[in-house]
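Using our numbering, read the sequence shown as starting at 450 and increasing by one per residue.
All C-beta atoms in this analysis are idealised placements derived from N, C-alpha and C, irrespective of residue type, glycine included.
None of these values were measured; they are calculated from a predicted model.
Since the structure comes first, as structure tokens, the remarks are kept for the end.
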Amino acid sequence: MTENDHETENEEHAGTYPDSVSEEWSRTLRVTIESDEWDDETETSHPTISFPDLDTATSVFTDSTLTLLQALNVHEPASIREAARLVGRDKKNVYDQMRRLAAYGVVEFAESGNAKRPTVPYDEILFDFAVSLSSSDEESADDPALV
Numbered sequence: 450m451t452e453n454d455h456e457t458e459n460e461e462h463a464g465t466y467p468d469s470v471s472e473e474w475s476r477t478l479r480v481t482i483e484s485d486e487w488d489d490e491t492e493t494s495h496p497t498i499s500f501p502d503l504d505t506a507t508s509v510f511t512d513s514t515l516t517l518l519q520a521l522n523v524h525e526p527a528s529i530r531e532a533a534r535l536v537g538r539d540k541k542n543v544y545d546q547m548r549r550l551a552a553y554g555v556v557e558f559a560e561s562g563n564a565k566r567p568t569v570p571y572d573e574i575l576f577d578f579a580v581s582l583s584s585s586d587e588e589s590a591d592d593p594a595l596v
């Protein structure tokens, strides 16, 4: 995926940040999945990122992403290089992952001399979606393994 694709993806699935958010609620990021049943009344005052489907959400919030976010939040590294050391990964890989997270507003960069200091403006992420474990009758009829 190119940087331009990330920018387009970010515009399509940008988070919503209400003007009046209590400090407690503003430190929680809410992640949702768009659906036909989407109901505006279910919105909260949490900053929210909404993805078109589960696959997209899980491609952004992988195990390694969550480990990185925890390291950023707990250890507050002074640079991307230090963050990469904390999670035992390559600096370029960590930087690419942080840029993707920054496109969604999950990571922010503060200029600190010659280094960029990555920060996470949240203390927790609330994954607010359901995953259906049943298949539709149509799928079951087409796949003998599901019957």
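Expressed to the nearest angstrom, what Euclidean distance is found between the alpha-carbon atoms of Val470 and Asp502? Note that Val470 scores a pLDDT of 41, beneath 50, so its modelled location is shaky; the value from the coordinates is reported in the next line. A direct Cα-Cα distance of roughly 27 Å separates Val470 from Asp502.
Could you give the residue range of the alpha helix (DSSP H) that holds Val523? Counting along the chain, the unbroken alpha helix (DSSP H) around Val523 starts and ends at Asp512 to His524.
In angstroms, rounded to a whole number, what distance separates the CA positions of Arg548 and Val580? If you draw a straight line from the Cα of Arg548 to the Cα of Val580, it comes to about 28 Å.
Would you report the Cα separation of Leu582 and Asp504, rounded to the nearest angstrom? For Leu582 and Asp504, the distance between alpha carbons rounds to 15 Å.
My output table needs one value for Glu557: the three-state DSSP class, helix, strand or coil. Residue state, collapsed to three classes: strand.
Per-residue burial, Thr497 [other beta carbons within 10 Å of its own, 16 or more giving buried]: So Thr497 counts as buried.
Quick check: what's the CA-CA separation for Glu570 versus Leu515? In the sequence on display, residue 570 carries Pro and not Glu. Going by C-alpha positions, Pro570 is about 14 Å away from Leu515.
Which residues does DSSP list as the beta-bridge partners of Glu531? DSSP output for Glu531 lists no bridge partner at all.
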